[in-house]
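A.B. asks:
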Amino acid sequence: MRNVVGPRRARIRLDAEMVDVAFDVDEQLRVEEPGGDVSGEGGTDRDTVLDMLDGYIEVTDAIIEGRLAVSGETENVSRMFVALEILLDGSTRIPPLQELARDFREDPCRPARGTPKRRSRPAAWHPIGDDPAERSVLDRHDLLP
Amino acid sequence: MSTGALRLPLSFDPTALAYKDWLHVNLLHHGSGTVGLVNVSLHGDPADPRSRAVGTALLHVPGDGWFGNVEAVGFDEARIDRTSIALEHVAVAVEAEGVLASARLPDDDLQIDLTATFAGPAVMAEQALPLGSGWIAWSGVSRLRPQGSARVGTAVLDLGAASAYHDHNWGRWHWGGDFGWEWGCFLPPDPAPAFVLSRVTDRRHVLDDRPLFVAFAGGRRRRFVGAGLKVSWSGLLEAEPRRLPGAVAALHSDRSSPRLPAKLTVDAGDGIDRVGVEFEPRAVVQLLAADPSQPGCGFIHELVGEFAYECRLEGEEASGTGLAVVEYVD
Chain A
1 MRNVVGPRRA RIRLDAEMVD VAFDVDEQLR VEEPGGDVSG EGGTDRDTVL
51 DMLDGYIEVT DAIIEGRLAV SGETENVSRM FVALEILLDG STRIPPLQEL
101 ARDFREDPCR PARGTPKRRS RPAAWHPIGD DPAERSVLDR HDLLP
Chain B
1001 MSTGALRLPL SFDPTALAYK DWLHVNLLHH GSGTVGLVNV SLHGDPADPR
1051 SRAVGTALLH VPGDGWFGNV EAVGFDEARI DRTSIALEHV AVAVEAEGVL
1101 ASARLPDDDL QIDLTATFAG PAVMAEQALP LGSGWIAWSG VSRLRPQGSA
1151 RVGTAVLDLG AASAYHDHNW GRWHWGGDFG WEWGCFLPPD PAPAFVLSRV
1201 TDRRHVLDDR PLFVAFAGGR RRRFVGAGLK VSWSGLLEAE PRRLPGAVAA
1251 LHSDRSSPRL PAKLTVDAGD GIDRVGVEFE PRAVVQLLAA DPSQPGCGFI
1301 HELVGEFAYE CRLEGEEASG TGLAVVEYVD
C-alpha cells in the first residue's frame, strides 16, 4: 500500500466526519485533522458503507447514485482505489481488519442503521463494461476511450 | 438417520489448512414462491486464527428480492459442537431425526425458526470426489418435513406449508482452485417425487466427473449415472445478483455481472425409469468464498426459481412443478 500511495495525502469524509490520511516519513499511517492540500478526496455516509458491505448496492451503484464521491486527478483517484483493494484483499485473511469492520457496524456511539437502500437502477443484466449508466458517468468526465 | 458429524481435522493433519465443512438447509415455501437457504460452514485449520466460521441465511421473495445476509467470525467466536455450528445470527444443528435451523437478521428483515424432521432416505456420495487439488464428500436427505415460521420482509410464512432439504459437505480444498460444481435440489410439494443433482466440474464447467441424479419417490430412491444422464445448460440469465459479502464483492467487480445460464435441463433414464426436469431460475445470489489461508476466491451462485418435471418411476407416471435451488460454483 505504501508503494501505491507514495507521498500522497487523501481526505476522507464519512457523514460529518473528515480526516486526512497519509504515510509519514517513517512509513507509519497518520490520520489527522483536515488541513492543507490533498491529492484526492472521497466521501460517503455510514448507511452507504453498510449497504455496500451487505451487498445491497455495488461500488458502481453508489457512485452513479451519488452516494459515494471521489475526486482528484485521474492518477491519484486510481491509486486511492488500488489502496482500497489492497485493504479489502488483506481483510479476508487479517482478523483485526475484520474486527474493525464489525466495530464499525456495531458502534454504539453512532445512530442505528437505517433500512437498507437497494440499488435504484433496474437490475437488467449487461456485460462488464457495458452498463449505460456507468458509461454516462465516464463520458461526463471525459474518461471514455 | 444422520448426515454425519462434523469432520474437524486432527491436530497433526497436514491438510488442515484446506479443511472445509458445512451444514446446509434449503427452504422452499410453495404458497408464496419464497425460496432460499440457511447454511453454516467452517473454513480452514481450527488452530489458525485466520480461519472463519460463516453463517448464511438468505430467502428470495418473488417481486421483492433477497432478504438476509452473511456473517463471518473466527472459530473461537462460534459454538461448534459435534453436529452443530452456531454463530451469533445463524445456526444449524443436525440431530438423529432431523435438523434445527435459525436466523436472526433484523437489519436484513429476516428471521427463521425451523425444526424439520427427516422424511426421506439419505443419499451420499459413495466415495470422496476429486475437487481441484483436493476432495469433497457429502451426504444429504432429499426431503424434510418442516415446522416453524419465517419472517421475511413484511410477510410471515408458516413453514409447515414448505418443503426442505438438508445436506452435509466436507473435504479439503482451497477456494480459487480449478474446480466447480453444479448441485441442485428440486422439490415439488410433498408427497410428490423429489430430485437431487450433483456434478463436480472444472472451473469453466467444461469437464465433469461422475455426475449423479437421484429421484426419490414412495420412500425409495433411483440413481441415474453415466450415459443415462444428460445435464445441459442454455441461455443467459438476465438477472444481476446480490453479492455477499460486500467487501469481497468490491474486490471482484469483474464478477459483478456473471454470465450464468438461464435454463437447466436434465434427462435421466435407465431403460425402465426416466425423469425429465427443466429449471429456469428467476434470481441469483453470488456468495464469494475467500480462502482464509491463501489468495483465492470461489464464487457460489445460488440460483432459485421454479422447475417442471415429468417422470416414470417404478411404473408410475407423474408430472408437475415445484421450487428449486441450484448451485453453480466456479
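If you're matching them up, the sequences are chains A and B in order.
Be aware that the first sequence starts at 1, since it is given in the working numbering, and climbs by one per residue.
Be aware that the second sequence starts at 1001, since it is given in the working numbering, and climbs by one per residue.
Quick reminder that beta carbons are idealized off the backbone N, C-alpha and C, glycines included.
Output needed in chain order: residues of the segment 1097-1111 of chain B with a Cβ under 9 Å from some Cβ in chain A.
C.D. replies: D1107, D1108 and D1109
A.B. asks: For G1235 (chain B), tell me which candidate among B:A1318, B:L1037 and B:F1279 has the shortest Cα-Cα distance.
C.D. replies: The residue labelled residue 1235 (chain B) in the question sits at position 235 within the second sequence. When only C-alpha atoms are compared, the closest one is B:F1279.
A.B. asks: Can you tell me whether P1130 (chain B) is helix, strand or coil according to DSSP?
C.D. replies: If you number the second sequence from 1, residue 1130 (chain B) lands on position 130. Strand.
A.B. asks: Please list, in chain order, the chain B residues whose beta carbon lies closer than 9 Å to that of R93 (chain A).
C.D. replies: Against the first sequence, residue 93 (chain A) aligns to sequence position 93. Those within 9 Å of R93 (chain A) in chain B are R1050, A1290, D1291, P1292, S1293, Q1294 and P1295.
A.B. asks: Near A1016 (chain B), which residues of its chain fall below 6 Å by C-beta distance, leaving aside the five closest residues on each side in sequence?
C.D. replies: Position 16 of the second sequence holds residue 1016 (chain B). Excluding residues within five positions, the ones whose Cβ falls inside 6 Å are P1009 and D1045.
A.B. asks: So, are the CB atoms of S1051 (chain B) and P1292 (chain B) less than 8 Å apart?
C.D. replies: For the purposes of this step, residue 1051 (chain B) is taken as residue 51 along the second sequence, with counting starting at 1. For the purposes of this step, residue 1292 (chain B) is taken as residue 292 along the second sequence, with counting starting at 1. Contact: yes.
A.B. asks: Restricting to Cα atoms, I'd like to know which of B:T1265, B:L1006 and B:V1326 is closest to G1180 (chain B).
C.D. replies: As a position in the second sequence, residue 1180 (chain B) is number 180, starting the count at 1. Ranking the options by Cα distance to G1180 (chain B), first place goes to B:V1326.
A.B. asks: State the DSSP-derived secondary structure class of A1162 (chain B), mapped to helix, strand or coil.
C.D. replies: Against the second sequence, residue 1162 (chain B) aligns to sequence position 162. If DSSP states are grouped into helix, strand and coil, A1162 (chain B) belongs with the strands.
A.B. asks: Anyone know if the C-beta pair for D1109 (chain B) and G1153 (chain B) falls short of 8 Å?
C.D. replies: Taking the second sequence and counting its residues from 1, the one referred to as residue 1109 (chain B) is at position 109. Taking the second sequence and counting its residues from 1, the one referred to as residue 1153 (chain B) is at position 153. Contact: yes.
A.B. asks: Between V1040 (chain B) and W1022 (chain B), which are expected to be in contact by the criterion C-beta below 8 Å, what is the C-beta distance as a whole number of angstroms?
C.D. replies: The residue labelled residue 1040 (chain B) in the question sits at position 40 within the second sequence. The residue labelled residue 1022 (chain B) in the question sits at position 22 within the second sequence. Indeed they touch by this definition, with Cβ atoms about 6 Å apart.
A.B. asks: Tell me, please, which residues DSSP counts as bridged to N1026 (chain B).
C.D. replies: By one-based count along the second sequence, residue 1026 (chain B) stands at place 26. Bridge partners of N1026 (chain B): B:L1037 and B:Y1165.
A.B. asks: Taking the beta carbon of I1112 (chain B) as the centre, do at least 16 other beta carbons fall within 10 Å, making it buried, or is it exposed?
C.D. replies: To locate residue 1112 (chain B), count along the second sequence from 1; it is residue 112. Label assigned to I1112 (chain B): buried.
A.B. asks: Going along the chain, which residues of the segment 9-41 of chain A sit with their C-beta nearer than 9 Å to a C-beta in chain B?
C.D. replies: none
A.B. asks: Suppose you measure from the CA of R13 (chain A) to the CA of A1164 (chain B); what does that come to, to the nearest Å?
C.D. replies: As a working mapping, residue 13 (chain A) is identified with position 13 in the first sequence. As a working mapping, residue 1164 (chain B) is identified with position 164 in the second sequence. Cα atoms of R13 (chain A) and A1164 (chain B): separation of roughly 46 Å, rounded to the nearest angstrom.
A.B. asks: Give the secondary structure of S1102 (chain B) by DSSP, where H, G and I count as helix, E and B as strand, and everything else as coil.
C.D. replies: For this step, residue 1102 (chain B) is matched to residue 102 along the second sequence. Strand at S1102 (chain B).
A.B. asks: Quick check on the DSSP output: the beta strand (DSSP E) that includes E41 (chain A) runs from which residue to which?
C.D. replies: For this step, residue 41 (chain A) is matched to residue 41 along the first sequence. G40 to T44 is the extent of the beta strand (DSSP E) around E41 (chain A).
A.B. asks: Could you please give me the residues that DSSP links to F23 (chain A) through a beta bridge?
C.D. replies: Counting from 1 along the first sequence, the entry for residue 23 (chain A) is found at position 23. Paired residues: A:L29.
A.B. asks: Taking all protein chains shown into account, do 16 or more other C-beta atoms lie within 10 angstroms of the C-beta of R110 (chain A), making it buried, or fewer, making it exposed?
C.D. replies: Taking the first residue of the first sequence as 1, we reach residue 110 (chain A) at position 110. It counts as exposed.
A.B. asks: Compare the Cα-Cα distances from L1129 (chain B) to each of B:H1030, B:R1199, B:D1267 and B:R1104 and report the closest residue.
C.D. replies: Translated into the one-based positions of the second sequence, residue 1129 (chain B) becomes position 129. L1129 (chain B) has its Cα closest to that of B:R1199, out of B:H1030, B:R1199, B:D1267 and B:R1104.
A.B. asks: Just tell me which of B:G1132, B:H1174, B:R1104 and B:N1026 has its CA closest to the CA of A1162 (chain B).
C.D. replies: Here the question's residue 1162 (chain B) lines up with position 162 in the second sequence. Nearest C-alpha to A1162 (chain B): B:N1026.
A.B. asks: Measure from the alpha carbon of P34 (chain A) to the alpha carbon of each residue in A:D26, A:R140, A:I64 and A:D20, then state which is nearest.
C.D. replies: Counting from 1 along the first sequence, the entry for residue 34 (chain A) is found at position 34. Nearest C-alpha to P34 (chain A): A:D20.
A.B. asks: Assuming V1277 (chain B) contacts F1299 (chain B) (C-beta within less than 8 Å), just tell me the rounded distance between them.
C.D. replies: Sequence index remark: in the second sequence, residue 1277 (chain B) carries index 277 (1-based). Sequence index remark: in the second sequence, residue 1299 (chain B) carries index 299 (1-based). At roughly 24 Å, the Cβ-Cβ gap does not stay under 8 Å, so V1277 (chain B) and F1299 (chain B) are not in contact.
A.B. asks: To the nearest angstrom, report how far apart S1256 (chain B) and A1250 (chain B) are at their CA atoms.
C.D. replies: For the purposes of this step, residue 1256 (chain B) is identified with residue 256 of the second sequence, where counting begins at 1. For the purposes of this step, residue 1250 (chain B) is identified with residue 250 of the second sequence, where counting begins at 1. Computed Cα separation, rounded: 9 Å.
A.B. asks: With DSSP collapsed to three states, give me the class of E17 (chain A).
C.D. replies: One-based indexing of the first sequence puts residue 17 (chain A) at position 17. Strand.
A.B. asks: Report all residues from its chain with a CB closer than 6 Å to the CB of V70 (chain A); omit the five preceding and five following residues, and keep chain order.
C.D. replies: Stepping through the first sequence from its first residue, residue 70 (chain A) is reached at position 70. So the list reads G42 and V77, once near-sequence residues are dropped.
A.B. asks: Report the three-state DSSP secondary structure of P1009 (chain B) (helix, strand or coil).
C.D. replies: Your numbering for residue 1009 (chain B) matches position 9 in the second sequence. Secondary structure of P1009 (chain B) (DSSP, three-state): coil.
A.B. asks: Rounded to whole angstroms, how far is the Cβ of A1192 (chain B) from the Cβ of T92 (chain A), which I believe are closer than 8 Å?
C.D. replies: Working through the second sequence from its first residue, we reach residue 1192 (chain B) at position 192. Working through the first sequence from its first residue, we reach residue 92 (chain A) at position 92. Actually they do not touch by this definition, with Cβ atoms about 42 Å apart.
A.B. asks: May I have the straight-line CA-CA distance separating L50 (chain A) from P1245 (chain B), to the nearest angstrom?
C.D. replies: For this step, residue 50 (chain A) is matched to residue 50 along the first sequence. For this step, residue 1245 (chain B) is matched to residue 245 along the second sequence. Whole-angstrom Cα-Cα distance: 11 Å.
A.B. asks: What residue range does the alpha helix (DSSP H) around I63 (chain A) cover?
C.D. replies: Residue 63 (chain A) sits at position 63 when you count from the first residue of the first sequence. Start and end: V59 to I64.
A.B. asks: When we look at the beta-carbon of D1273 (chain B) and count the other beta-carbons within 10 Å, is it buried (16 or more) or exposed?
C.D. replies: As a first step, residue 1273 (chain B) must be located in the second sequence, where it is residue number 273. The residue in question, D1273 (chain B), is buried, as its Cβ has 16 or more Cβ neighbours within 10 Å.
A.B. asks: Are the C-beta atoms of S1041 (chain B) and some chain A residue less than 8 Å apart?
C.D. replies: The residue you call residue 1041 (chain B) lines up with position 41 of the second sequence. It does not; no Cβ of chain A falls within 8 Å.
A.B. asks: Let's see if you can read the secondary structure: which residues bound the beta strand (DSSP E) around A1086 (chain B)?
C.D. replies: In the second sequence, residue 1086 (chain B) corresponds to position 86, counting from 1. Counting along the chain, the beta strand (DSSP E) containing A1086 (chain B) begins and ends at S1084 to A1086.
A.B. asks: Excluding five sequence neighbours on each side, which residues of the same chain lie with their C-beta closer than 6 Å to the C-beta of F1075 (chain B)?
C.D. replies: Reading the second sequence from its first residue, position 75 is the one you call residue 1075 (chain B). Taken in chain order, the residues that qualify are P1046, S1051 and A1053.
A.B. asks: With a threshold of 8 Å between beta-carbons, can V1035 (chain B) be considered close to chain E, or not?
C.D. replies: Considering every chain present, this structure includes no chain E. Its protein chains are A and B.
A.B. asks: So for F1067 (chain B), helix, strand or coil by DSSP?
C.D. replies: Position 67 of the second sequence, counting from 1, holds the residue named residue 1067 (chain B). Of the three classes helix, strand and coil, the one that applies to F1067 (chain B) here is strand, per DSSP.
A.B. asks: So, does the CB of A133 (chain A) fall closer than 8 Å to a CB anywhere in chain B?
C.D. replies: The sequence position of residue 133 (chain A) within the first sequence is 133, counting from 1. It does not; no Cβ of chain B falls within 8 Å.
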